[in-house]
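Encoded as structure tokens, the structure appears first; notes follow it.
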Amino acid sequence: MNDTNSELLAALESADQIKVGDVVTGEVLAIDNDNQAVIGLHTGEEGVVPAREYSDDRSVNLADDLKVGDSIETVVVSNVTSDKEGVAYLLSKKRLEARKAWEKLSFAEGDVVDATVLNAVRGGLIVDVAGIRGFVPASMVAERFVSDLNQFKGQDIKAEVIEIDPAKARLILSRKAVAAQERAEKLQEAFSRLAVGEVVEGTVARLTDFGAFVDLGGVDGLVHVSEISHDRVKNPADVLSKGEKVNVKILALDTERGRISLSIKATQPGPWDEVAEKAPAGTVLEGTVKRVKDFGAFVEIFPGIEGLVHVSQISHKRVENPADVLKSGDKVKVQVLDVKPQEERISLSMKALEEKPANKREDHEGSNGASRADVAAYQQDDEGAATLGDIFGDKL
Numbered sequence: 001m002n003d004t005n006s007e008l009l010a011a012l013e014s015a016d017q018i019k020v021g022d023v024v025t026g027e028v029l030a031i032d033n034d035n036q037a038v039i040g041l042h043t044g045e046e047g048v049v050p051a052r053e054y055s056d057d058r059s060v061n062l063a064d065d066l067k068v069g070d071s072i073e074t075v076v077v078s079n080v081t082s083d084k085e086g087v088a089y090l091l092s093k094k095r096l097e098a099r100k101a102w103e104k105l106s107f108a109e110g111d112v113v114d115a116t117v118l119n120a121v122r123g124g125l126i127v128d129v130a131g132i133r134g135f136v137p138a139s140m141v142a143e144r145f146v147s148d149l150n151q152f153k154g155q156d157i158k159a160e161v162i163e164i165d166p167a168k169a170r171l172i173l174s175r176k177a178v179a180a181q182e183r184a185e186k187l188q189e190a191f192s193r194l195a196v197g198e199v200v201e202g203t204v205a206r207l208t209d210f211g212a213f214v215d216l217g218g219v220d221g222l223v224h225v226s227e228i229s230h231d232r233v234k235n236p237a238d239v240l241s242k243g244e245k246v247n248v249k250i251l252a253l254d255t256e257r258g259r260i261s262l263s264i265k266a267t268q269p270g271p272w273d274e275v276a277e278k279a280p281a282g283t284v285l286e287g288t289v290k291r292v293k294d295f296g297a298f299v300e301i302f303p304g305i306e307g308l309v310h311v312s313q314i315s316h317k318r319v320e321n322p323a324d325v326l327k328s329g330d331k332v333k334v335q336v337l338d339v340k341p342q343e344e345r346i347s348l349s350m351k352a353l354e355e356k357p358a359n360k361r362e363d364h365e366g367s368n369g370a371s372r373a374d375v376a377a378y379q380q381d382d383e384g385a386a387t388l389g390d391i392f393g394d395k396l
């Protein structure tokens, strides 16, 4: 064989050689038990396409998508050694599709694009943008920190292109700015349709120590912990759950700060609504001591209804410190002295149910025994449930 023929033969053999990065078309020979397709190539060699190189869908079953005899175009990822005789190459369909997508790139940095969330990982979201794999860092997913990124899996989102490098197949996006703009638009729409005093239905979106955020249709309003119930609520999660439907009353619309204040308890009958009928002055009731202060004791007479037994109304005997004779949890009988439902205040007496000792001399403070020091102590207690009139009685 002369030199010319040798060079021609070498050139033909070289042309048949498959290299990493080549795009090759082959025939599906088999789908094995490892969920990978064995591909016959034009050189007589074989390659393999694992499910992970076929699609980003981790649940894909190649037997559902391919059958023996199908033609498939792939890119050569690497040379491999395999237990399967003749298998020489690792092939990828999804990488070829990504390469073609990069070649047809139609967006640039600063553009807002549509993306589908493929998966949530520790550092953010893996997304697909027109066939190109991109990444949204966790800090750029939303305006506030999102603890559970899995809620975005499978969602279609809009995101801004922050960085793009075709040579490195690198695409970084941010949803934060887009989310802020979308929220501003939704708030404007919400402010135009909502009115203070209106009662609407919402869905509990998230719970915090200080209250519950309720979704009113794309925008969230806050129900402060003090507005959840007429009863005392220590932890909103004790009485509400995420996804729960609730009726709320619009308390305030702050267009400047983009905030909506809501109340659940304002939509419900209050424990004070019927107190005047259930417990008019003179009624005798049994109650439970809830709190003991220097100036008296607060006694719960109905669920959510506490009245004040002033120190001067505990006993005909002089009581210097209510804690000397009462403690939280004590069951006591009381008589209603005065009821003011609008102010949510009720005055009670224990001594009114006791027999008055003969020749009892009134203390120098007066018939109710309230001193100015009592008033000062009461005014410093922000949990009080009585008025100054409750303390002084007829002296004011």
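UniProt numbering applies: residue 1 is where the sequence shown begins, and numbers increase by one.
We treat Cβ as the ideally placed atom computed from N, Cα and C, and that holds for glycine.
**Item:** Other residues of its chain near Gln17: CB distance less than 7 angstroms, five sequence neighbours each side excluded
**Value:** Excluding positions up to five away in sequence, the list is empty.
**Message:** Does Asn79 come out as helix, strand or coil in the three-state DSSP assignment?
**Reply:** Look at Asn79 here: in three-state DSSP terms it is strand.
**Asked** Which ranges does the alpha helix (DSSP H) cover as unbroken runs of at least 4 residues, wholly within the stretch 224-295, from first to last along the chain?
**Response** Segments of the alpha helix (DSSP H) lying fully in the stretch 224-295: 275-278.
**DSSP-derived helix/strand/coil call for Ala370** = In this predicted model, Ala370 has a pLDDT of only 46, less than 50, meaning its place in the structure is not dependable; the value taken from the coordinates is given anyway. Ala370 sits in coil when the DSSP states are folded into three classes, being neither helix nor strand.
**Asked** Are the beta-carbon atoms belonging to Glu109 and Ile31 less than 7 angstroms from one another?
**Response** Contact: no.
**Where Leu149 falls, given that 16 or more other Cβ within 10 Å makes a residue buried** = Leu149 should be labelled buried.
**Request:** Note down, in chain order, each residue of its chain lying with its Cβ closer than 8 angstroms to the Cβ of Ala373, except the 5 sequence neighbours on either side.
**Result:** In this prediction, Ala373 scores a pLDDT of 46, lower than 50, which makes its location untrustworthy; no coordinate-derived value is stated.
**Asked** How do the stretch 47-62 and the stretch 92-103 stand: do at least 3 beta-carbon pairs fall below 8 angstroms, yes or no?
**Response** Verdict: yes, contact present.
**Prompt:** Which value, in whole angstroms, describes the spacing of the CA atoms of Glu274 and Lys340?
**Reply:** Glu274 and Lys340 have their C-alpha atoms roughly 11 angstroms apart.
**Request:** Output the boundary residues of the beta strand (DSSP E) element that contains Gln335.
**Result:** Boundaries of the beta strand (DSSP E) harbouring Gln335: Lys331 to Lys340, taken from the DSSP string.
**Sub-7 angstroms separation of Asp215 and Gly304 beta-carbons** = It is not a contact, given that the beta carbons lie outside the stated cut-off.
**Request:** Measuring alpha carbon to alpha carbon, tell me which of Gln151, Leu171 and Ala177 ends up nearest Ala142.
**Result:** Of the candidates Gln151, Leu171 and Ala177, the one whose C-alpha sits nearest the C-alpha of Ala142 is Ala177.
**Which listed residue (Asn119, Val129, Val117 and Tyr89) has its alpha carbon closest to that of Ser106** = Measuring from the Cα of Ser106, the nearest candidate turns out to be Val129.
**Request:** In angstroms with no decimal places, state the Cα-to-Cα distance between Glu344 and Gly221.
**Result:** A straight-line Cα-Cα distance of about 27 angstroms links Glu344 and Gly221.
**Asked** Around the C-beta of Glu320, are 16 or more other C-beta atoms found within 10 angstroms, so that it is buried, or is it exposed?
**Response** Under this definition Glu320 is an exposed residue.
**Pair within 7 angstroms by beta-carbon distance, Thr288 and Glu300** = Taking 7 angstroms as the Cβ cut-off, Thr288 and Glu300 qualify as a contacting pair.
**Prompt:** How is Pro303 classed by DSSP in three states: helix, strand or coil?
**Reply:** Coil, per DSSP.
**Message:** Closest to Ser312 by C-alpha separation, out of Ser349, Asn33, Val292 and Phe298, would be which residue?
**Reply:** Selection Ser349, Asn33, Val292 and Phe298 evaluated against Ser312 yields Ser349 as nearest (Cα-Cα).
**Asked** What does a CB cutoff of less than 7 angstroms around Lys356 pick up in its chain, not counting 5 residues either side in sequence?
**Response** Exclusion of the five residues before and after Lys356 leaves His316 as the residues of its chain whose Cβ lies within less than 7 angstroms of its Cβ.
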